[in-house]
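In what follows, a structure is listed as C-alpha cells, so that the remarks can point back to it.
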Amino acid sequence: MTTPPADTVADTAPAAGPAALELADVRKVYGAGDTEIVAVDHATLRVGDGEIVALLGPSGSGKTTLLSIAGGLLSATQGRVVVGGEDITGHSAAELTDFRRSKVGFVFQSVNLVPFLTAEENLLVVSELSGARGGARKQAKARAKELLGELGLAHRAGNLPAQLSGGERQRVAIGRALFNGPALVLFDEPTSALDTKIGEQVMELIQAEMRSRHTAAVIVTHDTRMTHYADRTVRIVDGVLGAEPVEGDLAAH
Amino acid sequence: MGLATTELRRRPGRFAVATVVLTFFSLLLLLLGGLLDGLFLGSTGAIRAQDADVIVYSSTARDSFLRSRLGSDVRAEVEAVPGVADVGGLGFTLLGATVPGENELADVAVAGYELPPTGVPEPPPAGHAWADRRLEDAGVSIGDTLLVGPSATPIVVDGWVEDTNYLQQGALWTTLDTWRTVQNANRPDAFVPDGVVQVLVVRGDGDLAASIDAATGSTSTLSVDDAVYALPGVASQQSTFNAIIFATLAVVLAVVALFFSLLTLERTGLYGVLKAIGASTARLFGGVVLQAVVVALVAFVAGGLLAWAADAALPGGIPLQLTVSRYVFTFVALIAAAVLGSAVSLRRVTRIDPASAIGSAA
Chain F
2 MTTPPADTVA DTAPAAGPAA LELADVRKVY GAGDTEIVAV DHATLRVGDG
52 EIVALLGPSG SGKTTLLSIA GGLLSATQGR VVVGGEDITG HSAAELTDFR
102 RSKVGFVFQS VNLVPFLTAE ENLLVVSELS GARGGARKQA KARAKELLGE
152 LGLAHRAGNL PAQLSGGERQ RVAIGRALFN GPALVLFDEP TSALDTKIGE
202 QVMELIQAEM RSRHTAAVIV THDTRMTHYA DRTVRIVDGV LGAEPVEGDL
252 AAH
Chain D
60 MGLATTELRR RPGRFAVATV VLTFFSLLLL LLGGLLDGLF LGSTGAIRAQ
110 DADVIVYSST ARDSFLRSRL GSDVRAEVEA VPGVADVGGL GFTLLGATVP
160 GENELADVAV AGYELPPTGV PEPPPAGHAW ADRRLEDAGV SIGDTLLVGP
210 SATPIVVDGW VEDTNYLQQG ALWTTLDTWR TVQNANRPDA FVPDGVVQVL
260 VVRGDGDLAA SIDAATGSTS TLSVDDAVYA LPGVASQQST FNAIIFATLA
310 VVLAVVALFF SLLTLERTGL YGVLKAIGAS TARLFGGVVL QAVVVALVAF
360 VAGGLLAWAA DAALPGGIPL QLTVSRYVFT FVALIAAAVL GSAVSLRRVT
410 RIDPASAIGS AA
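Chain order of the listed sequences is F and D.
With my numbering, the residue at position 158 of the first sequence is 159, and numbering never jumps.
With my numbering, the residue at position 354 of the second sequence is 413, and numbering never jumps.
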C-alpha cells in the first residue's frame, strides 16, 4: 500500500476541480454577550473530490465543531456550507436528517456500532433508515455483502460487534459510512481507541478505501503520526483554520 | 422499526424484568376484573334477564325488591297507563334448600314470575321450577325435589336455565303462587297475600317510568339497567373494584414509563449515533413505543394464561368469572398504558443531539 508524502503545513487553500466540501467564512458561536464563545471563527475550507484532508488540532480547538458543521450535525451561526454540491446552509432539522442519511458518511471516535446487530446488519442500518423495501432491500443486502468483502470482513458478516476485534469494528464502521456512496466521509479521531500498529492499519485502510472510491474524507485527529496518510493537513487552533499551533500543544495531546 | 424488533429478539433478557412485572400486573388485572364480573353477574342475572322495559317498585321500598309490595289495585293502574303492553308480577325469596344426597344446604333464590325472562321458559306447573345451572355445583340434578327453607317446602327441578342468579344465590324460577307458598311458609314475618307481588315487570312504549309513577302516585319505576345497579352492594362493588383496577393501571403506566425512560437514558449514546447517520426522532421514538407494546402484549398473553389456569384451579365457590370482554378490556388497557408510559420517553429522545455522537468516546 502506497503512502503519500506527508504534508503538515497549514493549508486551507481550495483544491483544484469540483469540491466535496466547501466551507465559506463559517462561524459558530455559542452563548451571547459576556458568555459568548466562538468555537469556529471565519473558517474557509475547500476539500476536492477524492481528497483526504487531516484536520489537526488540540482538544478544544474547534475541530469537532467544524466536523459537525460539515456533516450537517450542527448549523453554522454564519457562513455557507456546501457538501457534494448541496448547499445545506439553510436546511431545517428534518432536511439535515435526510442529508446526513444520503449524502455524507460518519466514522465516530468510539466506532459506535449497534451492539445487537451483526456486521452486515450494521451496514444495512443505513438502508433501513431510508425505509428501503422489497427490491431496494435486496440491493442493499447485496451492497452490504460486497462492501464487507472489499473490507476483508466477508467471513465476519454474521458476527456481532462484541465478537469483532477493534480493527474489525473500525472496518465495519467505515463500511457503514461508505454504504450510501457519499461524496464525503467524516472521520472523528478514528485511531484514538487503537494502538499504534492497528491505528496505522486503519489509516491505510481509510486511505485505500477513499482512494479506490474517489471519495473525499476529512479526518479529525490530534495524532501527528497519522497525518501523513492525508493529502493535506489543515490545522485549527482556537477555532481559526490554518493558524499555527501553540508550541508543544500537539505534543501535550 | 426493524431495529426495535431485532433488539427484542436478540436481547430478550433486557426486557425480561419489565415483561415479568407486567405479566403479574396483567394477571392481577384479570383476577380483579374476573372477581368483579363474577360478583356482578352472580348478583344480577335474574334482573338482567328480564325481558322488559321497566320495573315498578312501591315508592316506600327505596328500590328494594325485598321491601317492595304491590297489590292488584296498583297493578290495574299500571296496566291502564297508555303505552303499557304487558305487565307481570315478580318476587324473590332467599333461602337454603336441602338437596337429595347432599349434606350442605344449597343457597337458592325462589323467583315467582309471570313474564318469562330471556332464556327462561313459560312458568312451570305449581310446585315445580326451572333451576339456574349454578345449582349443579351444589349437587342439584333435574328431577330432584328440593326441600326449601325451614318449612321444607318441596320444589321439583324441571330443567336448567343460564345466568339468572340473584344476589349470588341459584334461582329457582316458579309460578307466583308457588313463590308465595314458599315465602309465607318460611318467612311468615314477611307474609305476601294473594294478588300481591314484590315488583311489576312492564313492557311497552314511551316514557313508561314517568307515566306509571304519575298514574299510580305510589310507585317508583326504574329501567332494567337502573334496577340492576339498585340491587344491594352492586354499585359499591363496581366502584370499589373499578377504583382498584384503575389504580393498578396507573401503576402499570408508571412502571412502563420508568422502565423505558431508563432504557432510553441508557441508549442516549446509541440514539445520538443513529440520529447522526440519519435516523429521525419519530423513527427512534416509534421503536420505543413498539417495544413497549410488544412487552405489554407478551405480558398480557402470559398473564391471561396464568389467569385461565387460576380460574381452572380455584374452587367453584369463588365468584371468579373471566369473560371475553374482560380479556379485551385488560388487553386494551395494557396496550394503552404501554403507549402512554413509553410516550414519556419522547421528550428525552427528542432532546438527544445528533452532534453528541461526534467528539464522544462514550
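Ideal placement from N, C-alpha and C gives every residue a C-beta, glycine not left out.
Note that the structure is a prediction, hence the values are computed from the model and not measured.
Given a cut-off of 8 Å on the beta-carbon distance, is the pair residue i and residue j in contact?
i: F:Thr225; j: F:Val186; result: no
i: F:Phe107; j: F:Gly72; result: yes
i: D:Val146; j: D:Val199; result: no
i: D:Val113; j: D:Ser282; result: yes
i: D:Pro378; j: D:Gly97; result: yes
i: D:Ala165; j: D:Phe151; result: no
i: D:Ala294; j: D:Val354; result: no
i: D:Ile304; j: D:Gly160; result: no
i: F:Val105; j: F:Val84; result: yes
i: F:Gly240; j: F:Val39; result: yes
i: F:Leu124; j: F:Phe180; result: yes
i: F:Glu121; j: F:Leu149; result: yes
i: D:Leu329; j: F:Val173; result: no
i: D:Val261; j: D:Val115; result: yes
i: D:Gly186; j: D:Val220; result: no
i: D:Asn245; j: D:Thr212; result: yes
i: D:Leu235; j: D:Val256; result: yes
i: D:Leu95; j: D:Gln296; result: yes
i: F:Val221; j: F:Leu56; result: yes
i: D:Ile106; j: D:Val287; result: yes
i: D:Leu87; j: D:Thr307; result: yes
i: D:Gln350; j: D:Leu67; result: yes
i: D:Ala424; j: F:Leu75; result: Outside the modelled stretch of chain D, which goes from 60 to 421, sits residue 424 of chain D, for which no answer is possible.
i: D:Arg407; j: D:Ser320; result: yes
Determine whether the Cβ of residue i lies closer than 8 Å to any Cβ atom of chain F.
i: D:Leu405; result: no
i: D:Thr64; result: no
i: D:Ala416; result: yes
i: D:Pro425; result: Residue 425 of chain D is absent from the model: chain D starts at 60 and stops at 421.
i: D:Gly229; result: no
i: D:Gly497; result: Since the first residue of chain D shown is 60 and the last is 421, residue 497 of chain D is not available in this structure.
i: D:Ala420; result: Note on D:Ala420: pLDDT 45, under 50, position unreliable in the model; the coordinate value appears next. At least one chain F Cβ lies under 8 Å of D:Ala420.
With DSSP as the reference, please indicate the residues paired to residue i in a beta bridge.
i: F:Lys146; result: None; F:Lys146 has no bridge partner.
i: D:Val426; result: Only positions 60 to 421 of chain D appear in this structure, which leaves residue 426 of chain D out of reach.
i: F:Glu87; result: F:Val84
i: D:Ala188; result: D:Val216
i: D:Ala286; result: Per DSSP, none; premise fails for D:Ala286.
i: F:Lys29; result: F:Val41
i: D:Leu153; result: D:Ala168
i: D:Val352; result: Per DSSP, none; premise fails for D:Val352.
i: D:Gly331; result: Bridge partners of D:Gly331: none, in fact.
i: D:Leu90; result: The partner list for D:Leu90 (beta bridge, DSSP) is empty, contrary to what the question assumes.
i: D:Gly148; result: D:Leu259
i: D:Ile417; result: Answer is none; D:Ile417 lacks a bridge partner.
Would you verify that the beta carbon of residue i is, or is not, closer than 8 Å to some beta carbon of chain D?
i: F:Asp239; result: no
i: F:Asp189; result: yes
i: F:Leu68; result: yes
i: F:Leu165; result: no
i: F:Leu152; result: no
i: F:Arg1; result: Because chain F spans 2 through 254 in this model, residue 1 of chain F falls outside it and cannot be assessed.
i: F:Arg101; result: yes
i: F:Ala11; result: The pLDDT assigned to F:Ala11 is 40, lower than 50, so where the model puts this residue is not dependable, and the model offers no usable value.
i: F:Asn113; result: yes
i: F:Gly216; result: A quick correction: the sequence has Thr, not Gly, at residue 216 of chain F. It does not; no Cβ of chain D falls within 8 Å.
i: F:Thr1; result: This structure leaves residue 1 of chain F out entirely; chain F is present only between 2 and 254.
i: F:Ala253; result: The predicted model places F:Ala253 with a pLDDT of 40, which falls under 50 and marks its position as unreliable, so this point remains unresolved.
Note down, in chain order, all residues in the region 322-342 of chain D with a beta-carbon under 8 Å from any beta-carbon belonging to chain F. When CB distances to chain F are screened at a threshold of 8 Å, the residues of the region 322-342 of chain D falling below it are Gly328, Leu329, Val332, Leu333, Lys334, Ala335, Ile336, Gly337, Ala338, Ser339, Arg342, in chain order.
Can you pull out the residues from the region 115-129 of chain F whose beta carbon lies closer than 9 Å to at least one beta carbon of chain D? For the region 115-129 of chain F, which is checked against every Cβ of chain D, the residues closer than 9 Å are Val115, Pro116, Phe117, Leu118, Glu122, Leu125, Val126, Val127, Glu129.
Identify each residue in the region 67-80 of chain D for which the Cβ-Cβ distance to at least one residue of chain F is less than 8 Å, and report them in chain order. Within the region 67-80 of chain D, the qualifying residues are Arg69, Arg70.
Could I get the ranges of all uninterrupted beta strand (DSSP E) runs contained in the region 381-405 of chain D, with 3 residues as the minimum, in chain order? Taking only runs of at least 3 residues, no beta strand (DSSP E) segment lies wholly in the region 381-405 of chain D.
Which of the residues in the region 54-80 of chain F, read from start to end, lie with their CB under 7 Å from any CB of chain D? Residues passing the 7 Å Cβ filter: Thr65, Leu68, Ser69, Leu74, Leu75.
Restricting to runs no shorter than 3 residues, where is the beta strand (DSSP E) found entirely within the region 102-188 of chain F? Counting whole runs of 3 or more residues, the region 102-188 of chain F contains the beta strand (DSSP E) stretches 105-108.
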